[in-house]
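Asker:
Structure below.
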């Protein structure tokens, strides 16, 4: 892959072409080599510090990790320095900082969001490094964005109203809006129901003297928070609005803030509903109106579709393609991770499997793998019935052959895509339940 | 074909964003759930304007609603297959937005299914290009995501 390496101090840029399997250490050696050939002072490879965003140093969890595995791709610009303190070595994930809104992770501010992204990259490293890590981790990027915005703007100063307001704020930031007045800070302490937020788009703020913006207002009525949106210079123009119920949405948001690993399906569902409602009924209509007013191109065609329709399309996409769709963008990653979809996919691919239970992507992957194994192991396809792993010692019909559900080790090479599979006990495909309960 | 719809007193006029006016029978208009509530209050003189729908798309929608056989599912399947066969991906996307806006009975599912078929077995890059989706992952996030979904790529070399 081709990489550009820029010195943090001299801004000098090197162009290197390294093999795809190149490790971080190897890259440093290459840099060291090409610099020492042009200057008089040679420096050892280990004294180089690399960063993608000038803030966080790149780390590999093991010396043999390829550059790809730590997130470097062809064409990337990497900063390097010899100064040990130039990059911060580690940043805490979800560091609760009590700051004002101007520091919140609005997407279009490259520096801030990169810091946060780097925090996520670290999560990646943790997952890679851990033997116990499940390969099919949950990746609901939207809630984690929501959560970051909430944590960073609210800190410990939480009440139901603020939770809802900042949840809406997060959806707007995620949709591409930025606060129209850069000097204007949303301080949680001064939030009231008469507050209004002005949002605009980075393109408008940078290029137009006449700033077009949308305004959000949050009048409350008992336990209901109404959110009204309007274009700044068109008062009362077909006001899009949503009505948020504090009783319904505040608890899930609060739970999400408290537990880092919330596995509560109901909460997730409520938050998804909130996100979808705000996005479809407020953020997207306002975004389209604003683009229209400012003479900008409307947001891309497919993404302009309401989430409802996008979900509809995803319902028709086979499970294996759904997983690829998840890699397309953050929003699609979020949309394609709903349990409802994966329940459909499980039923589609593997037929009706029991009733109730927790249907999710993880389960689909388990089924998928077991199906793949059974297709690749010739004996198993002739079985009158599926072999089931019995902890108590089921008489295996093959005598010595160790084929019991989920043995990845007896056919090495099949597990290429599953580098660290969880312990076997987690592999109990529920599809074999029912009918075998002696 | 829209114009040939019976010009009876109770036909509904629909105005597209590019200014064309279509007269359709209430039976057809009633299948567009978005305008359903407006139909009750309208007479022959009212024109319902559809800000999100272009004439081409409305023509297609009416063609679908008028041509769809009422009987045997196999006939419906054949008709639907023929209907989407004539659409380019560009037209399909536009039509999907129009159909989504109007909430046309049956057609939403057909469109969604057709779009879904277009991205089946396609690479991530293809889907991005096809839909004009901006990749907002950082390289690290994308690598992580691909790692998590490695099972779906299954030996496909993505580089």
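Chains as they are written, first to last, in UniProt numbering: chain A, 1 to 438; chain B, 1 to 159.
Note that the Cβ used here is the ideal one computed from N, Cα and C, for glycine as well.
Predicted model only: the values in this text are computed from it and were never measured.
Short of 8 angstroms in beta carbon distance, which residues of its chain neighbour residue 30 of chain B, apart from the five on each side in sequence? Order them along the chain.
Answerer: Within the same chain, residue 30 of chain B has close Cβ partners 36 and 39.
Asker: Indicate the three-state DSSP secondary structure (helix, strand or coil) for residue 229 of chain A in the structure shown.
Answerer: Strand at residue 229 of chain A.
Asker: Based on the DSSP secondary-structure assignment, which residues constitute the bridge partners of residue 17 of chain A?
Answerer: Beta-bridge pairing links residue 17 of chain A to A:2.
Asker: Just confirm the distance between the C-beta atoms of residue 198 of chain A and residue 179 of chain A, as a whole number of angstroms; I'd bet it's less than 8 angstroms.
Answerer: Between residue 179 of chain A and residue 198 of chain A the Cβ distance is about 7 angstroms, and since that is below 8 angstroms, they are a contact.
Asker: Taking the alpha carbon of residue 84 of chain B as the point to measure from, which residue in B:110, B:139 and B:98 has its own alpha carbon closest?
Answerer: Ranking B:110, B:139 and B:98 by Cα distance to residue 84 of chain B puts B:110 first.
Asker: When you compare the region 321-334 of chain A with the region 138-152 of chain B, are there three or more beta-carbon pairs, one atom per stretch, that lie closer than 8 angstroms?
Answerer: Yes, they touch.
Asker: Using CA atoms only, rank isn't needed, just tell me which of A:6, A:289 and A:65 is closest to residue 81 of chain A.
Answerer: Taking only the C-alpha atoms, the option nearest residue 81 of chain A is A:6.
Asker: Does the beta-carbon distance from residue 34 of chain B to residue 103 of chain B come in below 8 angstroms?
Answerer: In contact: residue 34 of chain B and residue 103 of chain B (Cβ atoms closer than 8 angstroms).
Asker: Please list, in chain order, all residues of the same chain as residue 163 of chain A whose beta carbon is under 6 angstroms from its beta carbon, the five residues on each side excluded.
Answerer: If we look at residue 163 of chain A and ignore the five residues flanking it on each side, its Cβ neighbours are 250 and 253.
Asker: Under a three-way DSSP split, which group does residue 296 of chain A fall into?
Answerer: If DSSP states are grouped into helix, strand and coil, residue 296 of chain A belongs with coil.
Asker: By DSSP, does residue 29 of chain B sit in helix, in strand, or in coil?
Answerer: Residue state, collapsed to three classes: helix.
Asker: If I follow the unbroken alpha helix (DSSP H) through residue 149 of chain B, where does it start and stop?
Answerer: Taken as a continuous stretch (DSSP letters only), residue 149 of chain B belongs to no alpha helix (DSSP H), as it is neither H nor E.
Asker: Would you tell me roughly how many angstroms separate the C-alpha atoms of residue 157 of chain A and residue 150 of chain A, rounded to the nearest one?
Answerer: Roughly 10 angstroms between the two C-alpha positions.
Asker: How would you write the range of the beta strand (DSSP E) that residue 214 of chain A sits in, first residue to last?
Answerer: 214-217 is the extent of the beta strand (DSSP E) around residue 214 of chain A.
Asker: For residue 21 of chain B versus residue 47 of chain B, is the C-beta distance shorter than 8 angstroms?
Answerer: For residue 21 of chain B and residue 47 of chain B, yes; Cβs fall inside 8 angstroms.
Asker: Using the beta-carbon of each residue, which ones in chain A are nearer than 9 angstroms to residue 100 of chain B?
Answerer: Neighbours of residue 100 of chain B on chain A, chain order: 305, 306, 308, 309 and 312.
Asker: Note the first and the last residue of the continuous alpha helix (DSSP H) segment covering residue 169 of chain A.
Answerer: Here the alpha helix (DSSP H) through residue 169 of chain A covers 160-174.
Asker: According to the Cβ coordinates, are residue 211 of chain A and residue 196 of chain A closer than 8 angstroms?
Answerer: In this structure, residue 196 of chain A does not lie closer than 8 angstroms to residue 211 of chain A by Cβ.
Asker: If you drop the 5 nearest sequence neighbours on each side, which residues of the same chain put their C-beta closer than 6 angstroms to that of residue 160 of chain A?
Answerer: Closer than 6 angstroms at the Cβ level, and outside the excluded window around residue 160 of chain A, lie 246 and 250.
Asker: Taking 8 angstroms as the threshold (C-beta atoms), are residue 243 of chain A and residue 255 of chain A in contact?
Answerer: No, the pair does not count as a contact, with Cβ atoms beyond the cut-off.
Asker: What are the residues in the region 316-335 of chain A lying within 9 angstroms of chain B by C-beta distance?
Answerer: Listed by position along the chain: 316, 317, 318, 319, 320, 321, 322, 323, 324, 325, 326, 327, 328, 329, 330, 331, 332 and 333.
Asker: Please confirm whether residue 87 of chain B has its beta-carbon closer than 8 angstroms to some beta-carbon of chain A.
Answerer: Closer than 8 angstroms: no.
Asker: Just the chain B side, please: which residues come within less than 8 angstroms of residue 365 of chain A by C-beta, in chain order?
Answerer: 151, listed in chain order.
Asker: Taking 8 angstroms as the threshold (beta carbon to beta carbon), is residue 275 of chain A in contact with chain B?
Answerer: Not closer than 8 angstroms to any Cβ of chain B, the Cβ of residue 275 of chain A fails to qualify, so no.
Asker: Out of A:205, A:204, A:229 and A:223, which one is the CA nearest neighbour of residue 215 of chain A?
Answerer: Checking every option, the nearest Cα to that of residue 215 of chain A belongs to A:229.
Asker: Looking at C-alpha atoms only, which residue of A:24, A:281, A:270 and A:272 is the closest neighbour of residue 239 of chain A?
Answerer: Considering only alpha carbons, the answer is A:281.
Asker: For the putative contact between residue 53 of chain B and residue 114 of chain B, defined by C-beta atoms under 8 angstroms, what is the C-beta separation to the nearest angstrom?
Answerer: That pair is no contact at about 18 angstroms.
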